[in-house]
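Undergrad: Those letters in the sequence shown? Residues 195 to 399, by my numbering.
We put the beta carbon where it would ideally sit given N, CA and C, even for glycine.
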Amino acid sequence: MFTLNKTGFEMFDCFRAYGLAFLIGGLENNAIINIYDKGPAYIVDVEGNIPKSPDPKIFEITEGNAWSMVFQTFKERKDLKVKPPIEDVKDIAIQHYNKILDIHSRHDFIPEIGNSVKDGRTLYQSIDVSAAKGYREEKRSVYHEGSQLQVDKFSWCIASIGAAWFGVWPRNLMRRDISFSVCSIPNPRKVLLITHREIHERIEK
Numbered sequence: 195m196f197t198l199n200k201t202g203f204e205m206f207d208c209f210r211a212y213g214l215a216f217l218i219g220g221l222e223n224n225a226i227i228n229i230y231d232k233g234p235a236y237i238v239d240v241e242g243n244i245p246k247s248p249d250p251k252i253f254e255i256t257e258g259n260a261w262s263m264v265f266q267t268f269k270e271r272k273d274l275k276v277k278p279p280i281e282d283v284k285d286i287a288i289q290h291y292n293k294i295l296d297i298h299s300r301h302d303f304i305p306e307i308g309n310s311v312k313d314g315r316t317l318y319q320s321i322d323v324s325a326a327k328g329y330r331e332e333k334r335s336v337y338h339e340g341s342q343l344q345v346d347k348f349s350w351c352i353a354s355i356g357a358a359w360f361g362v363w364p365r366n367l368m369r370r371d372i373s374f375s376v377c378s379i380p381n382p383r384k385v386l387l388i389t390h391r392e393i394h395e396r397i398e399k
């Protein structure tokens with residue numbers, strides 16, 4: 195059983211729950227995985243064997259996921275020193291898989307969020323719309339939106355996976371000629387992970 199304490203960022207929290215469950219379940223694992231909303235936390239319950247490493251296929255860009263939508267504002271340049279976010283998610287998930295499982299097997303882990311998180315990652319608006327306002331800072335006589343929000347890399351990693359695979363992006367709005375995107379998330383009050391594609395189909399209809 196794994197615990198994901200809520201932070202108040204509703205999309206981020208929900209995506210973390212889906213992301214951790216899918217990191218464990220992958221596309222081919224036969225384990226039965228349920229997600230429960232228990233008020234202050236999401237619980238991911240696994241019946242069956244937990245794989246020793248994540249399924250590498252979940253990091254591939256396909257028609258079945260929305261990796262390109264989650265990180266659509268990222269502009270890759272040859273002189274850029276940071277790696278593309280999809281590669282970053284994959285590296286964190288593979289290199290720190292056991293660490294991610296370990297911290298969420300405890301009941302006291304709370305994601306670190308702020309304007310400067312050690313080895314943190316930027317919280318994209320596609321993962322939580324609240325990130326648009328940034329980290330509020332006091333600036334007298336000046337209107338200031340604040341700096342970008344950062345979260346610890348482990349929480350960012352699983353939230354990114356959840357957003358890519360479980361965020362529902364209406365096809366008629368996923369066009370390059372529009373200036374906004376719409377994303378909805380099935381609320382995991384009690385969700386059997388394997389049914390997520392059925393949930394997607396119902397919402398899109």
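1) Taking the Cβ atom as the reference point for each residue, do residue 217 and residue 248 lie within a distance shorter than 8 angstroms?
2) Would you give the residue range spanned by the alpha helix (DSSP H) that residue 235 belongs to?
3) Distance check for residue 361 and residue 291, CA to CA, integer angstroms please.
4) So the candidates are 344, 293, 220; which of them puts its Cα closest to the Cα of residue 243?
5) So residue 241 and residue 225 are supposed to be a Cβ contact under 8 angstroms. How far apart are they, rounded?
6) Near residue 326, what residues of its chain come up, given a Cβ to Cβ distance below 6 angstroms and the 5 sequence neighbours on each side ignored?
7) Find out if the Cβ-Cβ distance for the pair residue 259, residue 358 is shorter than 8 angstroms.
8) Are the C-beta of residue 222 and some C-beta of chain D separated by less than 8 angstroms?
9) Could you check if residue 202 is buried or exposed, using at least 16 other CB atoms within 10 Å of its CB as the buried criterion?
10) Could you name the residues that DSSP lists as bridge partners for residue 315?
11) Check this for me: beta carbons of residue 314 and residue 211, under 8 angstroms apart or not?
12) Using CA coordinates, which residue listed in 209, 288, 200, 316 is at the minimum distance from residue 253?
TA: Walking through what the data contain:
1) Along the sequence shown, one-based indexing puts residue 217 at 23. Along the sequence shown, one-based indexing puts residue 248 at 54. Yes, they are a contact pair.
2) Walking along the sequence shown from the start, residue 235 turns up at place 41. Taken as a continuous stretch (DSSP letters only), residue 235 belongs to no alpha helix (DSSP H), being part of the beta strand (DSSP E) at 235 to 241.
3) By 1-based counting over the sequence shown, the position of residue 291 is 97. By 1-based counting over the sequence shown, the position of residue 361 is 167. Those two C-alpha atoms are separated by around 22 angstroms.
4) Your numbering for residue 243 matches position 49 in the sequence shown. Nearest C-alpha to residue 243: 220.
5) Locating residue 241 in the sequence shown gives position 47, where the first residue counts as 1. Locating residue 225 in the sequence shown gives position 31, where the first residue counts as 1. That pair is a contact at about 6 angstroms.
6) Residue 326 sits at position 132 when you count from the first residue of the sequence shown. For residue 326, the predicted model reports a pLDDT of 49, less than 50, meaning its position is unreliable; a value from the coordinates is still stated below. Taken in chain order, the residues that qualify are 319.
7) Residue mapping note: residue 259 aligns to position 65 of the sequence shown, counting from 1. Residue mapping note: residue 358 aligns to position 164 of the sequence shown, counting from 1. Yes, the Cβ-Cβ distance between residue 259 and residue 358 is below 8 angstroms.
8) Absent here is chain D; the protein component of the structure consists of one chain.
9) For this step, residue 202 is matched to residue 8 along the sequence shown. Exposed, because fewer than 16 other Cβ atoms sit within 10 Å of the Cβ of residue 202.
10) Stepping through the sequence shown from its first residue, residue 315 is reached at position 121. Answer is 345.
11) Here the question's residue 314 lines up with position 120 in the sequence shown. Here the question's residue 211 lines up with position 17 in the sequence shown. Result no, Cβ atoms of residue 314 and residue 211 do not sit closer than 8 angstroms.
12) Taking the first residue of the sequence shown as 1, we reach residue 253 at position 59. The residue with the shortest Cα to Cα distance from residue 253 is 288.
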